[in-house]
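Asks:
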Amino acid sequence: MGVEERRQQLIGVALELFSRRSPDEVSIDEIASAAGISRPLVYHYFPGKLSLYEAALQRASDDLAARFVEPAEGPLGARLLRVMGRYFDFVEEHGPGFSALMRGGPAVGSSTTNALVDSVRQAAYVQILSHLDVTDPPARLELVVRSWISLAESTALIWLDGRRIPRAELETQLVHDFAALTAVSAAYDEEMGALLRRVIEAEPADGPFGDLVGRLSALAS
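Numbering (our numbering), first residue to last: 1 to 221.
1) On the DSSP letters alone, give me the boundaries of the alpha helix (DSSP H) that P40 sits inside.
2) Does the count of Cβ pairs from the segment 142 to 157 and the segment 178 to 188 closer than 8 Å reach three?
3) Might you give, ordered along the chain, the residues of its own chain that have their beta carbon closer than 8 Å to the beta carbon of V3, omitting 5 neighbours on each side?
4) Quick check on the DSSP output: the alpha helix (DSSP H) that includes H176 runs from which residue to which?
5) Contact defined as beta carbons within less than 8 Å: I believe V42 pairs with I28. What is the distance between those atoms, to the nearest angstrom?
6) Counting pairs of Cβ atoms below 8 Å between the segment 109 to 121 and the segment 17 to 34, do you hit three or more?
7) My understanding is that V91 touches F68, with C-beta atoms under 8 Å, so please give their C-beta distance in whole angstroms.
8) By a C-beta neighbour count over all protein chains shown, 10 Å radius and 16 as the cutoff for buried, is L10 buried or exposed?
9) Pull up the distance between the alpha-carbon of V108 and that of I200, whole angstroms please.
10) Is the beta carbon of S99 closer than 8 Å to that of A65?
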């Protein structure tokens with residue numbers, strides 16, 4: 001097996017182990033055993049667990065960022081719902097590793113880890129702006145989009161701790177949250193109001209945003 005092929009194998013093995021348990025609980029010996037090689041050979045390819053964790057994290061972050069990519073076709077609510085479905089697919093596949101990354105793990109605080117986490121958030125931010133057809137976002141829109149991305153992260157972390165709310169409901173709720181954050185901002189700013197009206201006009205009554213309007217109307221009646 002060539003050097004790069006072996007490195008990629010080790011990254012895949014490490015990512016699988018880090019996905020099932022917190023990286024703090026995974027040893028180099030376990031990684032070596034799962035890869036079918038000796039402990040010294042692992043160190044031949046990676047200086048230590050931190051560097052291997054960061055390499056696995058790079059692969060995972062690339063995967064997660066790609067899940068925010070969605071064709072700009074159809075109403076925004078349906079697009080966001082599909083994105084949330086893929087996002088929670090990732091959260092389920094990498095639960096302990098995702099939790100360790102966001103709450104604290106062996107590489108927390110390192111410049112590499114922080115940069116990778118920020119790169120995912122930035123990729124999500126850019127994708128959402130693309131769906132809104134906005135290239136130069138005003139301050140209020142930037143606040144809404146970045147707040148929503150943070151909300152999705154915290155919601156996923158809370159959900160992983162017991163999974164007490166059906167996943168599908170949370171995915172829909174997060175799409176509703178985006179609409180709600182935008183609506184509150186629109187109440188204070190005409191530019192945001194115009195953006196919200198443009199989005200709502202393209203939404204079908206049976207879409208996620210239409211569903212939210214119906215639920216709120218029922219509460220108010």
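By construction, the Cβ of each residue, glycine as well, lies at the ideal position given by its N, Cα and C atoms.
Replies: Short version:
1) Residue mapping note: residue 40 aligns to position 40 of the sequence shown, counting from 1. R39 to Y45 is the extent of the alpha helix (DSSP H) around P40.
2) As far as the Cβ criterion goes, the segment 142 to 157 touches the segment 178 to 188, which means the pair count is three or higher.
3) For the purposes of this step, residue 3 is identified with residue 3 of the sequence shown, where counting begins at 1. Contacts found: Y45.
4) Against the sequence shown, residue 176 aligns to sequence position 176. Secondary structure note for H176: its alpha helix (DSSP H) is the uninterrupted segment R167 to A186.
5) Against the sequence shown, residue 42 aligns to sequence position 42. Against the sequence shown, residue 28 aligns to sequence position 28. Contact holds; Cβ gap of about 6 Å.
6) Verdict: no, contact absent.
7) Indexing the sequence shown from 1 puts residue 91 at position 91. Indexing the sequence shown from 1 puts residue 68 at position 68. About 13 Å separates the two Cβ atoms, so there is no contact after all.
8) Start at 1 with the first residue of the sequence shown, and residue 10 comes out as number 10. The residue in question, L10, is buried, as its Cβ has 16 or more Cβ neighbours within 10 Å.
9) As a position in the sequence shown, residue 108 is number 108, starting the count at 1. As a position in the sequence shown, residue 200 is number 200, starting the count at 1. At V108 the pLDDT is 47, less than 50, meaning the model places this residue with poor confidence and gives no usable figure here.
10) Here residue 65 refers to the residue found at position 65 of the sequence shown. Here residue 99 refers to the residue found at position 99 of the sequence shown. No, they are not a contact pair.
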